[in-house]
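Trainee: From first to last, the protein sequence lines stand for chains A and B. First residue of the first sequence? That's 1 in this note's numbering, and the numbers climb one at a time after it. First residue of the second sequence? That's 303 in this note's numbering, and the numbers climb one at a time after it. Positions of the beta carbon are idealized from the N, C-alpha and C atoms, including for glycine.
Protein chains: 2
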Amino acid sequence: MSFAERTPAYRERVDSALGHWLPPATTHPERFHAALRYAVLGGGKRVRPLLVYAVGEWLGLPAGRLDGIAAALEIVHAYSLVHDDLPALDDDDLRRGRPTTHIAFDEATAILAGDALQSQVYFVLATDPGLGAAAAVRRQLIVDLARASGADGMAGGQALDIDATREVEATVAGVEQRYRMKTGRLLEAAVTMPCRLLEPDDATLMTVAAGYGRAIGLGFQIADDLLDVECGPDVSGKPQGSDRRNGRATLPDLIGLAGARARLDGLRRDAHEALAGAGPRADGLRWLGEQLLAGPALPRDG
Amino acid sequence: MSFAERTPAYRERVDSALGHWLPPATTHPERFHAALRYAVLGGGKRVRPLLVYAVGEWLGLPAGRLDGIAAALEIVHAYSLVHDDLPALDDDDLRRGRPTTHIAFDEATAILAGDALQSQVYFVLATDPGLGAAAAVRRQLIVDLARASGADGMAGGQALDIDATREVEATVAGVEQRYRMKTGRLLEAAVTMPCRLLEPDDATLMTVAAGYGRAIGLGFQIADDLLDVECGPDVSGKPQGSDRRNGRATLPDLIGLAGARARLDGLRRDAHEALAGAGPRADGLRWLGEQLLAGPALPRDG
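Now the structure itself:
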């Protein structure tokens with residue numbers, strides 16, 4: 001059985017973990033808890049959790065130790081989408097083919113739901129018994145996730161998106177830094193965080209994971225650009241070309257479609273080479289990386 | 303020298319810690335980092351940090367071990383104000399006598415700055431060497447703060463604020479629960495989190511701290527209500543009667559000014575009694591509690 005065949009079971013695992021870590025919609029205040037669940041449990045490809053489980057296979061870690069990390073990363077991703085879709089940011093009404101949280105509820109609820117989701121992430125990492133990790137390991141996981149999602153990572157990258165709408169002269173380096181921060185850092189965390197569960201630490205292995213994570217982190221966003229240019233909302237589940245519509249330069253804008261495809265090919269090779277010595281247990285991770293960097297040929301994360 | 307005389311030095315301590323934990327405004331993206339600093343470093347009474355230091359005096363903990371907790375609580379408070387002031391929530395243009403973050407910058411920047419500030423809080427608790435705490439203690443501090451600020455605490459309480467604008471029939475119990483969640487839980491955390499630094503745990507002491515924290519947590523919000531009713535923006539630093547203007551029932555609306563003052567008196571007594579056996583080292587905490595629950599006579603937190 002291949003990793004591809006195991007993906008439905010992994011998605012069920014993480015959905016079950018997410019359902020566990022989000023209070024029931026009957027919890028007071030009910031409408032608010034309904035919004036939390038709506039934001040997270042409404043589908044999506046679960047790319048970050050799949051990366052976590054694929055890394056787990058490579059490292060020989062049982063899936064039960066990974067559920068908390070997978071859920072935490074997905075909750076961070078979900079909260080960032082809730083805020084990114086707001087009228088003051090990308091102003092998107094549709095996500096994953098259904099109304100965004102602020103449309104289904106209201107703006108105030110969406111803002112606060114995102115905030116509460118972010119708090120919950122650290123509660124999960126600090127308390128999930130399944131992690132089977134000492135407090136020192138939890139501490140490191142919390143540092144990893146806070147860094148990947150904060151001012152120097154995802155949130156800072158989204159802020160660069162705002163600046164980019166005012167940018168007079170975009171550069172390739174600037175665009176790639178923006179991509180690495182807003183998208184790459186969290187994907188990289190999905191690859192490196194499971195490595196923290198290994199005791200003792202394995203610095204070589206962490207270097208391999210970080211190299212692979214960096215390549216797919218940037219590549220995933222470039223593949224998304226190509227998708228936005230070449231496909232419609234039926235495939236991406238969101239309005240076409242959100243970046244372009246919002247006046248932000250994309251990599252294809254700067255170096256053309258062929259240039260962006262070549263850059264993506266290079267990152268695909270980087271990811272492959274990072275895992276060169278990783279053995280057959282990394283086959284799932286290799287396959288998943290190929291999927292994520294395949295560009296418009298495949299369905300994408302919401 | 304009394305605690306009152308030490309408050310300027312404690313405010314300087316926490317401002318210095320906040321300055322340390324927020325990247326310089328020259329950090330890329332610069333405008334974003336400027337917004338983070340604007341949101342946090344723009345004054346305010348530093349009520350939560352002062353509580354932390356007052357508890358530290360009671361417990362005999364050196365202030366250097368408390369700076370990280372004080373800064374983390376103040377950053378959570380600051381991020382919640384940034385989001386609460388947004389047009390979709392309270393729509394306030396002024397805070398602490400100057401433009402709110404979304405007015406000084408823009409809405410998108412304010413939303414993302416709040417998000418990044420929240421991430422930073424967990425980074426501080428996980429890494430501040432000054433805490434002098436084992437990873438297990440950091441883990442507990444993170445749990446405390448995530449719970450106090452999430453769906454079951456501050457964020458959930460703000461969501462109740464939204465529901466309250468639609469409420470047909472407000473009850474005293476409902477209003478008090480809303481106050482406890484949106485304001486009380488974080489103040490209570492300011493009192494209980496420093497107790498986590500004691501080793502071994504002291505369950506009796508934690509009960510004392512929690513009792514005191516619960517009384518001042520609710521009392522502080524009621525005192526704020528009375529201030530809103532009886533005073534103007536010169537004292538509160540924000541437009542008068544934000545709750546009333548937004549159509550939310552306050553405790554004085556339900557039980558009258560005299561009733562609310564009586565409730566506040568009761569909570570003041572509760573706070574005092576909670577510390578009955580705490581000895582003279584808790585004098586600072588006693589004094590601070592009196593200040594926080596004094597109602598309109600004194601300047602307030604922004």
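Give the residues of chain A in contact with residue 335 of chain B, contact being defined as C-beta atoms less than 7 Å apart.
Mentor: Those within 7 Å of residue 335 of chain B in chain A are 151.
Trainee: Using the beta-carbon count (16 or more within 10 Å), is residue 166 of chain A buried or exposed?
Mentor: exposed
Trainee: Which same chain residues end up closer than 6 Å to residue 336 of chain B when comparing Cβ atoms and leaving out the 5 residues on each side of it in sequence?
Mentor: 327
Trainee: Given a limit of 7 Å on CB to CB distance, which residues of the region 378-411 of chain B reach chain A?
Mentor: 385, 388, 390, 391, 409, 410, 411
Trainee: Apart from the five residues on each side of it in sequence, which residues of its chain come closer than 8 Å, Cβ to Cβ, to residue 225 of chain A?
Mentor: 243, 250, 251, 252, 260
Trainee: Just checking: is the beta-carbon of residue 39 of chain A within a distance shorter than 9 Å of some beta-carbon in chain B?
Mentor: no
Trainee: Would you mind reading off the limits of the alpha helix (DSSP H) that contains residue 176 of chain A?
Mentor: 172-179
Trainee: Does any CB atom of chain B fall closer than 9 Å to the CB of residue 146 of chain A?
Mentor: yes
Trainee: Under 9 Å between the Cβ atoms of residue 291 of chain B and residue 573 of chain B?
Mentor: Past the edges of chain B, shown from 303 to 604, lies residue 291 of chain B, and the structure says nothing about it.
Trainee: Could you name the residues of chain B that residue 156 of chain A contacts, counting a contact when the two beta carbons are closer than 7 Å?
Mentor: 331, 334, 418
Trainee: Specify whether the region 365-377 of chain B and the region 76-85 of chain A touch according to this definition: at least 3 beta carbon pairs, one from each stretch, less than 8 Å apart.
Mentor: Segments in contact, no.
Trainee: Looking at chain B, which residues of the region 245-270 of chain A have a Cβ within less than 8 Å of any of its Cβ atoms?
Mentor: Answer in chain order: no residues at all.
Trainee: Could you tell me whether the region 345-356 of chain B touches the region 576-591 of chain B, where touching means 3 or more Cβ pairs closer than 8 Å?
Mentor: Taking a cut-off of 8 Å for Cβ pairs, the region 345-356 of chain B and the region 576-591 of chain B touch, as three or more such pairs fall below it.
Trainee: Using C-beta distances below 7 Å, list every residue in its chain close to residue 379 of chain B, excluding the 5 sequence neighbours before and after it, in chain order.
Mentor: Around residue 379 of chain B, the same chain offers 350, 488 as residues with beta carbons nearer than 7 Å, after the five sequence neighbours per side are excluded.
Trainee: Pull up the distance between the alpha-carbon of residue 315 of chain B and that of residue 456 of chain B, whole angstroms please.
Mentor: 25 Å
Trainee: Contact criterion: CB-CB distance below 9 Å. Does residue 52 of chain A meet it with respect to chain B?
Mentor: Not an interface residue.
Trainee: Which same chain residues, not among the five before or five after residue 7 of chain A, have their C-beta less than 7 Å away from its C-beta?
Mentor: Taking residue 7 of chain A as the centre and dropping the five residues before and after it, the same chain places the C-beta of 50 closer than 7 Å to its C-beta, in chain order.
Trainee: Measuring alpha carbon to alpha carbon, tell me which of B:446, B:391, B:517 ends up nearest residue 325 of chain A.
Mentor: Beyond the ends of chain A as shown, which are 1 and 302, falls residue 325 of chain A; an answer cannot be given.
Trainee: Kindly indicate if chain A contains any beta-carbon less than 9 Å away from that of residue 524 of chain B.
Mentor: no
Trainee: Do you know offhand how far residue 214 of chain A's Cα is from residue 566 of chain B's?
Mentor: 55 Å
Trainee: So, at 7 Å on beta carbons, what are the nonlocal neighbours of residue 338 of chain B in its own chain, with the 5 sequence-adjacent residues on each side left out?
Mentor: 324, 415, 418, 419
Trainee: In chain order, which alpha helix (DSSP H) runs of at least 4 residues are fully inside the region 507-538 of chain B?
Mentor: The region 507-538 of chain B contains these whole alpha helix (DSSP H) runs: 535-538.
Trainee: Going by Cα to Cα distance, which pick from A:267, A:255, A:279, A:42 is closest to residue 171 of chain A?
Mentor: A:255
Trainee: Expressed to the nearest angstrom, what Euclidean distance is found between the alpha-carbon atoms of residue 393 of chain B and residue 9 of chain A?
Mentor: 45 Å
Trainee: Decide if residue 506 of chain B is buried, meaning its Cβ has at least 16 other Cβ atoms within 10 Å, or exposed.
Mentor: exposed
Trainee: Cα separation between residue 103 of chain A and residue 93 of chain A?
Mentor: 6 Å
Trainee: Hey, is residue 11 of chain A close to the ligand MG, as in C-beta under 8 Å from one of its heavy atoms?
Mentor: As far as ligands go, the structure on display features none, and thus does not contain the ligand MG.
Trainee: Find out if the Cβ-Cβ distance for the pair residue 199 of chain A, residue 137 of chain A is shorter than 9 Å.
Mentor: yes
Trainee: Compare the C-alpha of residue 28 of chain A against each of B:521, B:480, B:331, B:428 and name the closest.
Mentor: Residue B:480 holds the alpha-carbon nearest to the alpha-carbon of residue 28 of chain A among B:521, B:480, B:331, B:428.
Trainee: Leaving out five residues before and five after residue 125 of chain A in sequence, what residues of the same chain have Cβ atoms less than 8 Å from its Cβ?
Mentor: Contacts found: 68, 69, 72, 131, 138, 141, 142, 145.
Trainee: Less than 9 Å between the C-beta atoms of residue 147 of chain A and residue 425 of chain B, yes or no?
Mentor: yes
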